[in-house]
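In the working numbering, the protein residues as written are 159 to 633.
Where is the CB? At the ideal position from N, CA and C, for every residue including glycine.
These notes concern the structure reproduced below.
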Ligand SMILES: Cc1ncc(COP(=O)(O)O)c(C=O)c1O
């Protein structure tokens, strides 16, 4: 991150935390430059950057002031109803259309599943990648077959240990991203035709995995505060038909909710009592805004029934395709299927990540990334409050980089998606996140990109089109 961005992020964090309040004057450019021993041009650039993000404004011959927050915070989306209906999953062509559209960098990426690649230490990682390719002992191409690079597995285990979670390196299998870890885990515990409890709304990758393995889904409602409703999960489990549960306890995609620690403990105990394995998708856990990493459900696993899956894709190395499964009592099964399914994970990428994590750049990067994401989310929530039609509700996650928006009922999010594309903006329409194609008036918005005039314009466009009459069907 450039020096001016660092300064801007610092000031912005002070605004978000309330240290600097609406109407407060920022230190003058001259004062900031001499107290920080940085050039006046750098301070000026930082202040302009904050102005572009709508956080401060200039008053002629007076300086920069913190802007008033517009509007009261919006309400959170309602928790969906539970039908208990079992669904065979058929991923619509719409998903592939949306996924293809996010490759187009001319679109404002509000529908993307990825954070801005510019937020990651790609050049430092490239140096490690170069070194690993030049220096690696050729025998490692064989030795690092599943379960994978021993040093990397040790560092992953150590990071869990720092958060008080015991995870033996021997239980960890390196995979090609969390996607492979999740798929192999689900496959290890189910047979075609089995019923899997999933969240509603849920990550389309989970629905795709269910479809690919010929399984069926029962959707358990998620509240934007607490995540999956555990009393409804208990009800589904008591039918005796559920063979596995797929859960994102930390910063669920798309809602962003964080399951309270007590609920995590209860879910694990409930499933253990019924001998139902839990597939835990913990892909976003490192992107927390509070002081500590929230524990995974795996932390409460007493009998090896939790197959915990993580990844570096969202927090350090997009494109490297390195993730892992810590599969409890199913470890050997997952290791074998990994070997047969894809032989191994790119060994140079594994080594580069092991070295990066070992040399200590990781924690520093994560701190910057979390601050950036938190600020971006605050700017996004402000913009949504400003531009979206009245009656809009939005989730306010404490981590990750998505918000889940419930638009007024008449808005059809698939039509809205098409209109937005024509206007140069992508959004992720609600039906992508449901086996029953529900959530017709919901959208998922990505806050993983630094705030800019383009993003602001993009949010304004979505708001304008959502309000426009054409997408509201005649009654
Ligand atoms: C909830 C969730 N799980 C898993 C993944 C896949 O992670 P990876 O890129 O490591 O395969 C994603 C990616 O979008 C995701 O959002």
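Check: residue i C-beta below 7 Å from any heavy atom of ligand 1
i           : result
residue 477 : no
residue 343 : no
residue 503 : no
residue 582 : no
residue 363 : yes
residue 439 : yes
residue 471 : yes
residue 271 : yes
residue 158 : One cannot answer for residue 158 here, as it falls past the ends of the chain, which runs 159 to 633.
residue 299 : no
residue 411 : yes
residue 406 : yes
residue 481 : yes
residue 336 : yes
Secondary structure of residue i, DSSP reduced to three states
i           : result
residue 245 : strand
residue 433 : coil
residue 625 : helix
residue 632 : For residue 632, the predicted structure reports a pLDDT of 45, less than 50, and the residue's modelled location is therefore unreliable. A value from the coordinates is still provided. Coil, per DSSP.
residue 533 : helix
residue 401 : strand
residue 519 : helix
residue 274 : coil
residue 636 : In this structure the chain extends from 159 to 633, so residue 636 is not present and cannot be described.
residue 187 : helix
residue 381 : strand
residue 438 : strand
residue 551 : strand
residue 172 : helix
residue 240 : coil
residue 467 : strand
residue 607 : coil
residue 478 : coil
residue 506 : helix
residue 216 : strand
residue 542 : helix
residue 255 : helix
residue 179 : coil
residue 514 : helix
residue 601 : strand
residue 634 : The structure shown does not extend to residue 634, since the chain is modelled only from 159 through 633, so no value can be given for it.
residue 488 : helix
residue 449 : coil
residue 166 : helix
residue 569 : coil
Cβ distance (whole Å) where residue i is taken to contact residue j below 8 Å
i           : j           : result
residue 356 : residue 297 : With a Cβ gap of about 42 Å, residue 356 and residue 297 do not count as contacting.
residue 508 : residue 295 : That pair is no contact at about 14 Å.
residue 333 : residue 481 : 5 Å
residue 224 : residue 214 : 6 Å
residue 244 : residue 391 : About 15 Å; that fails the 8 Å criterion.
residue 413 : residue 553 : 5 Å
residue 472 : residue 441 : 6 Å
residue 360 : residue 513 : Not really, about 35 Å apart at Cβ, beyond 8 Å.
residue 189 : residue 198 : In fact, because the Cβ distance is near 10 Å, the residues do not count as touching under 8 Å.
residue 608 : residue 274 : 6 Å
residue 500 : residue 345 : About 13 Å separates the two Cβ atoms, so there is no contact after all.
Check: residue i C-beta below 7 Å from any heavy atom of ligand 2
i           : result
residue 579 : Within the structure as shown, ligand 2 is missing, the only ligands being ligand 1.
* Segment contact flag, the segment 615-624 with the segment 279-295, C-beta cutoff 8 Å, min 3 pairs -> For the pair of segments examined, the segment 615-624 was found not to touch the segment 279-295: the number of CB pairs separated by less than 8 Å stays below three.
* Determine, using beta-carbon pairs with one atom in the segment 307-327 and one in the segment 456-466, whether at least three such pairs fall under 8 Å. => Yes, the segment 307-327 touches the segment 456-466.
* To do: Report yes or no: do three or more beta-carbon pairs, one from the segment 259-270 and one from the segment 376-388, lie closer than 8 Å?
  => They do not touch, by the three-pair rule.
* Along the chain, which unbroken stretches of the alpha helix (DSSP H) at least 4 residues long are found entirely within the segment 293-364? -> Note on the segment 293-364: whole alpha helix (DSSP H) runs with a minimum of 4 residues are 298-301, 308-320, 335-347, in chain order.
* Asked: Is the segment 364-374 in contact with the segment 530-542, if contact means three or more CB pairs nearer than 8 Å?
  -> The segment 364-374 vs the segment 530-542: no contact.
* Given 8 Å as the limit, is there contact between the segment 325-339 and the segment 479-496, that is, 3 or more CB pairs closer than that? -> Contact holds: three or more Cβ-Cβ distances are below 8 Å.
* Report yes or no: do the segment 460-477 and the segment 424-440 share at least 3 C-beta pairs separated by less than 8 Å? => Three or more Cβ pairs closer than 8 Å define a contact, and the segment 460-477 meets that threshold against the segment 424-440.
* Counting pairs of Cβ atoms below 8 Å between the segment 439-451 and the segment 398-413, do you hit three or more? -> Because the criterion of three Cβ pairs below 8 Å is met, the segment 439-451 and the segment 398-413 touch.
* the segment 539-552 / the segment 369-379 touching (three or more Cβ pairs under 8 Å) -> Counting Cβ pairs under 8 Å, fewer than three are found: no touch.
* Taking one C-beta from the segment 589-607 and one from the segment 240-259 each time, how about it: are there three or more such pairs within less than 8 Å? -> Result yes; three or more Cβ-Cβ pairs closer than 8 Å.
* Pair every Cβ in the segment 205-216 with every Cβ in the segment 232-239, then say whether three or more of these pairs are closer than 8 Å. => Segments in contact, no.
* At least 3 beta-carbon pairs within less than 8 Å: the segment 554-569 vs the segment 594-604 -> Yes, since at least three Cβ pairs between the segment 554-569 and the segment 594-604 fall closer than 8 Å, the two stretches touch.
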